[in-house]
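Going down the list, the protein sequences come from chains G and X.
Heads up: the first sequence runs through residues 1 to 560, numbered per the UniProt record's numbering.
Heads up: the second sequence runs through residues 1 to 713, numbered per the UniProt record's numbering.
Every residue gets a Cβ at the ideal spot worked out from N, C-alpha and C, and that includes glycine.
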Amino acid sequence: MTVQRIVLLGYGPVGARFVEELLPAVADGSLELTVVGGEPVEAYNRVLVAEYAVGGTELDAMLVGDRAAAEAAGVRMRLGVTARAIDRDARTVKLETGEHLGYDRLVLATGARANVPTLDGVERRRRDLVSLEKYADALVGRDDELPAGITALRDLADAERVLAAVRSRRRIIVLGAGVLGLELALAAAHAGAEVCVVHHGPHPMPRNLDRGAGLVLRAGLRRTGVTVVANSRAEAVGFRDEADGSRSFDQLVTADGKQLRGDLLVLSCGVGARTELATLAGLRTASGIVVNPWLASWSDPAVFAIGDCAQVVERTEENSLERTLPGAPSGLIGPGWRQADWLAASFAAEARGEASADSIAGGAGPSSHGERTAPPAEREPIVMLKAEHLDVVAVGDVGPEPWDEDPRNPQRRVAQWADPEHHRYVKMVTEGGVLTAFASVGMPRTAAELTLLFERRAELPADRSLLLRFDGPDDDPTASGDAFAPTATVCWCNGVTVERIEAAAASGSTTVECVGRDTRAGTGCGGCKGRIAEVLARAAAGANDVAPIGEPDDATSLTG
Amino acid sequence: MPRASVDTHCPYCALQCAMTLGEPDASASPSSTAPVSVTARDFPTNRGGLCKKGWTSAELLGTASRLRVPLVRGADGELAEASWDEALDLVASRLRGIRDEYGADAVGVFGGGGLTNEKAYLLGKFARLALGTSRIDYNGRYCMSSAAAAGNRAFGVDRGLPFPVEDLDAADTVLLLGSNVAATMPPFIGHLAGAQSAGGLVVVDPRRTATARLTDDGQGLHLQPAPGTDLVLLLGLIHQVVAERLVDADYLERRTIGYAALRRSVSSWWPERVQSVTGVPATALRRLARRLAAGGNTFILTGRGVEQHVDGTDTATAAINLALLLGLPGRPGSGYGTLTGQGNGQGGREHGQKCDQLPGYRKITDPAARAHVARVWGVEPEAIPGPGLPAVELLQSLGRDGGVRALLVHGSNLVVSSPNVAAVRDGLASLELLVVCDFVRSETAALADVVLPVRQWAEEEGTMTSLEGRVLRRRRAIEPPEGTRDELWVLAELARRLECPATFDTDPERVFEELRLASEGGLADYSGIDYAMLDRGEAAYWPFPRGGTGTPRLFDERFAHADGLARLVPVSVRPAVLEGPAPDELTLVTGRLLEHYQSGAQTRLVPELLAAEPELRASIHPATAERLGIADGELVEVENARGRVCCPALLTTEVRVETVFLPFHFGDDRAANLLTSDLVDPVSAMPEFKTNRVRLRPAARPAGRLAEAGAPI
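Here you go:
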């Protein structure tokens, strides 16, 4: 069998993972791999771009790729080079340099780009087939040029623009109140910028949160100094003339006539898959490049897609001719990594001869997938707001209210805790006791436990309030606040309780030393001698109403 | 009669608290069997304190269960008394026969981390020369091997604490991962008081243990990750330290290699992702990363909780990586360490009872090491067998083709302490000969063909090496019971009967003198230490080369790799590790209680300890109990494919809802290890004791009743 040539287009975090997983097969010569990446830098973790944009981290800490290791294994790395076209008949990819790369398998990991909303004053390019054929050079592999003072937040160049505004403490307007927009808003406000979030829904994160959680979140945002303008549809941008004669962003104008002035407008209106190469090559696309559960294109079994550009849809008689298809690329890194792992493992297994030779490429239809089962369908992803002082976690449909009844879901139950005054809110939606959705704001321990329970599909405790208490002052029910309860342990080294010490005191041991001789309390590390003295003092006074000792000290506390 | 006032150390854990044994206490309870009184002695480790086990330790010296005469299993299948000559002749002839029939590797030796340095050393020599077998390993494989492997990989050397314990006193922050020291070595917690008063004691444990509660009232922080997710937690901390530029760049440059690859290996573990795996809030992770990097005196310590996993070596490695990034190892007042558990768990892993090791912590595969030790032993290097099998694999080979047919057990109750003990019992039953040296009739001794009654702590001389790598003298305070023999004598007698020409001294000091020579030039170099020096009370920390000085702080200037640099070793998470229990399963966590020590063979014989913790109980969360319809104290069955244990339930919020905790101190059908898996860490061969899956239900009720879970009870 000849050695399969694999070409990967796209070297983001998903592409880098694919490369990493294939390295052994490349190193031992059972596969050839060429990687084409548009950004001239090492692959980095895009999840951290918002932190980079406020100076919270640096590129070194974000790198996920290892170009040197890849090259050492024999991978051809073409970074800073854009692919311009795919010739599926010839099985070649044309690069902007004019080179043609031949492939047996083509893997598209081209990712997504930020959506540019319709705004007067901002040019927005269409990427339908007609436009692409006409303006290929300007559209393929390139993002739209935005006017000065307006940026998305997707890549390092975007982040640099934001960072400059944050560093000079400028006023930043974030358009959109999805999770990415809010992360940036919070991080920038924390870093000292003046931040205003503009969105058209009634509350932030409308896709993820119900009204209660959303309103608690909004209060939390305002408390941290972020201005929130809700119910406002952005309509236009206005520009100002700078001293050097250039024009740059000046204000955002909303449909209801608000004029919001700022120095930088960050567009955070979602992302769209980069599908233009696929579209031009005649591959089926919808909201992403359409692939079957084995990640192969509907249109060409030699072409695969993974990550933010891939839309996984099982092809059926019914849907194969429909224009719109269900689902969309998840936009999250976890599923992309799992796809990269699975596809690389699948290629490597085949190269080792573990799958039948005709199973993946070479003309077999998309219904033939060798021995390997498809990667498991992705579960609805949990959304977590990455922010320092606001804890928001949500997943699933949190719309149902506790008293709603739904004949289609008779097992559904909803439990809720709302404390807007203290910026806390939790809703748990269960089906037969197992979480199907939840939203949590301002309760980090609870959110963390719910996350774990959701991921593991574990049944919730029947007493749901147990899950709320993690974040309360009575976090530890065993401590029960009373250090002088009869069964409370005083001396850990010797397992001596309050009642034993009291008994010793009653029979005449009235000093710490005597108690030590009687019960061994205080004869280990000695750390409890103070408490023994207190127990003795209480016993002597016959007092039962002394307050528990030890209020938390905020100055040094890790928990404060 | 006891000798007046003898200074020695506690028989139990690796803290080796100093104590003085004297005339029996007149005020002691009349039921006491202790032939001596125990007084705590001022010493840097225990500072005049002892825990409940230490205070009651002398009871065991007079226990009625003491073995006082050799036992040999007769034709009737019962153990019957025999003379020493009869017993030893029998053992020697059977060993010879088995060796002739199957080869030398058909004889195995299983040692223990409680044996003195002298015994551990001589046992290794006995196996290699008198038996000619490679098949020797020990129960330290169940506790210290992962941390040891990680330490060797990163630092080039493995000494549990590479600094004296007192260094912890001045700490501002101590990150304690997977260790319940408040129950397992209580006087140690005195050294955490400084961190507590600075609000900086951070305990990572899925259980809200006594140690975790030391963080209450603003004294620190308890993180309660789901069992088995410690590695992810550590990768998250490393990620945050890297992302926020909290690393000690100058230190990394001067003292380590491997930063670039390490950095890349953690870039995908941002705090929110870690939260979704561990259940530890991202905010807590961020705060902790900053606290660790705040520049105060900072220590990171690991225990069995994070090490006894199939990825234990990687987890310990991640803890070391974190410490290195922060520049802690070798910085005055800061550091990384692992808390060794067994009394001589440190010395026990240095002198050659590990399957891949020769004295002085030398590698058995290293020709120079073999040549050195062969010279000391007066043999050709070829006479020393190669590497053998680590403990779990050794036990799996029992009775099998090419496996071990005869096993000698020293200082270990392996049918209680081994993982998957049902399989181990089967293995022992298939042996042609099982010989157990012990001073009480342990569960393992009860299965033996020959039981040899040996001496215990206050009846013998020797040395122990504590968790901080300090060599201590164990001294004889009372005359041993008639009929018992020292293990050194047993080995020498067997060697003589097996016609081994090598020397087997029976005097501990002379054995130590030989150990000094054998260790000379090795990593754990004892050549500069002698009994007289120890008797003068000098603090002897290894390495202590001849004519040199000891090394209280190991990494002040360099690490033990040839270039003096520490290795940052990237580690990654294996996906299977992250799978939580199925909906009808719980995660079983095993561990220890204050009152008992290891397999409990000793502490269950001390009336006061047994009275406090008389039986096995399964700790479960009240919410879980409610779901399963279990009341406090009700009998429950804990079960999986390997076995079943039946015991009362103990309802407590100390455990997480998806876990059940069982102490492993109990034997027979109450052995928690009936349920544990014998899968091992691929690097250290240490088994998984903390994330086995089990099902739980009320006992004596059909499984079908589970459907009614949640009904009022």
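Query, Result
"Decide if ALA157(G) is buried, meaning its Cβ has at least 16 other Cβ atoms within 10 Å, or exposed.", "exposed"
"Give a yes or no on whether the C-beta atoms belonging to PHE439(X) and THR506(X) are separated by under 9 Å.", "no"
"Does the contact criterion of 3 or more C-beta pairs under 8 Å hold for the region 168 to 184 of chain X versus the region 210 to 222 of chain X?", "yes"
"Does ALA182(X) have its Cβ less than 9 Å from a Cβ in chain G?", "yes"
"Once you ignore the five residues that flank SER684(X) on each side, which residues in its own chain have a CB closer than 6 Å to its CB?", "SER145, SER146, ALA149 and THR313"
"Under the three-state reduction of DSSP, which class applies to GLY98(G): helix, strand or coil?", "coil"
"Please go through the region 623 to 648 of chain X and give each complete beta strand (DSSP E) segment of 3 or more residues, from N-terminal end onward.", "635 to 640"
"Answer yes if the region 298 to 308 of chain X comes into contact with the region 241 to 257 of chain X, meaning at least three C-beta pairs across the two stretches below 8 Å, and no otherwise.", "no"
"Kindly indicate if chain X contains any beta-carbon less than 9 Å away from that of VAL429(G).", "no"
"Please indicate yes or no: does the CB of TRP542(X) lie closer than 8 Å to some heavy atom of the ligand FAD?", "Inclusion of the ligand FAD in the displayed structure is not the case, the ligand content being empty and no account of it being possible."
"Quick one: which residues of the region 526 to 542 of chain G get their C-beta closer than 8 Å to a C-beta of chain X? List them in chain order.", "GLY526 and GLY527"
"If we require 3 or more residues per run, which beta strand (DSSP E) segments fall completely within the region 315 to 372 of chain X?", "335 to 338"
"So which of PRO40(G), ALA159(G) and ARG142(G) has the shortest CA-CA distance to GLY149(G)?", "ALA159(G)"
"Roughly how far, in whole angstroms, is the beta-carbon of VAL490(X) from the beta-carbon of LEU452(X), given that I think they are within contact range, below 8 Å?", "6 Å"
"Quick check on ALA707(X): buried or exposed, where buried means 16 or more other Cβ atoms within 10 Å of its Cβ?", "Confidence at ALA707(X) is low in this model, with a pLDDT of 41, below 50, so the placement of that residue should be treated as unreliable; the coordinate-derived value is given next. Exposed, by the Cβ-count rule."
"In angstroms, rounded to a whole number, what distance separates the CA positions of GLU32(G) and VAL26(G)?", "6 Å"
"Using a Cβ-Cβ cutoff of 7 Å, what residues of the region 50 to 61 of chain X are near chain G? List them in chain order.", "LEU50, CYS51, LYS52 and TRP55"
"Whose C-beta lies closer than 7 Å to the C-beta of TYR11(G) among residues of the same chain, with five residues either side of it excluded?", "VAL35, GLY37, ALA43, GLY65 and LEU79"
"Hey, does THR478(G) have any beta-carbon neighbour from chain X nearer than 9 Å?", "A caution first: THR478(G) carries a pLDDT of 43, below 50, which makes its placement in the model unreliable, though a value can still be read off. THR478(G) counts as touching chain X."
"Can you check whether the C-beta of PRO293(G) is within less than 9 Å of a C-beta belonging to chain X?", "no"
"Does the contact criterion of 3 or more C-beta pairs under 8 Å hold for the region 492 to 500 of chain G versus the region 193 to 203 of chain X?", "no"
"Using a Cβ-Cβ distance cut-off of 9 Å, determine whether GLY365(G) contacts chain X.", "Its pLDDT being 40, under 50, GLY365(G) is placed unreliably in this model, and the value from its coordinates should be taken loosely. False, the Cβ-Cβ gap to chain X never drops below 9 Å."
"Indicate the three-state DSSP secondary structure (helix, strand or coil) for TRP337(G) in the structure shown.", "helix"
"What span of residues does the alpha helix (DSSP H) with THR278(X) cover, start to end?", "271 to 278"
"In chain X, which residues lie with their C-beta within 7 Å of the C-beta of ALA458(G)?", "GLY580, PRO583 and GLU658"
"Report the residue from ASN344(X), GLY295(X), LEU122(X) and THR503(X) whose alpha carbon sits nearest the alpha carbon of ARG331(X).", "GLY295(X)"
"Whose CA, out of GLY530(G), ARG67(G), ALA70(G) and ASN45(G), lies closest to the CA of LEU59(G)?", "ASN45(G)"
"Just to confirm, is the Cβ distance from THR436(G) to GLY396(G) under 9 Å?", "yes"
"For GLY56(G), would you say it is in contact with chain C, using Cβ-to-Cβ distances shorter than 9 Å as the test?", "Here chain C cannot be found, since the structure's protein chains are G and X."
"If you follow the alpha helix (DSSP H) that TRP84(X) is in, where does it begin and where does it stop?", "84 to 102"
"Taking the alpha-carbon positions, what's the residue 714(X) to ASP89(X) distance?", "Within the shown structure, residues of chain X are numbered from 1 to 713, placing residue 714(X) beyond reach of any answer."
"Can you give the Cα-Cα distance for LEU95(X) and PHE126(X), rounded to whole angstroms?", "13 Å"
"Going by alpha carbons, who is nearest to LEU267(G) out of LEU283(G), GLU235(G) and GLU322(G)?", "GLU235(G)"
"Give the interface partners of ASP60(G) over in chain X, defined as CB-CB distance under 7 Å, in chain order.", "ARG263"
"Go through the region 437 to 498 of chain X residue by residue and report every complete run of the beta strand (DSSP E) that reaches 3 residues or more, in order.", "450 to 453, 462 to 465 and 470 to 474"
"With distances taken between CB atoms, is the gap from GLY528(X) to PRO545(X) smaller than 9 Å?", "yes"
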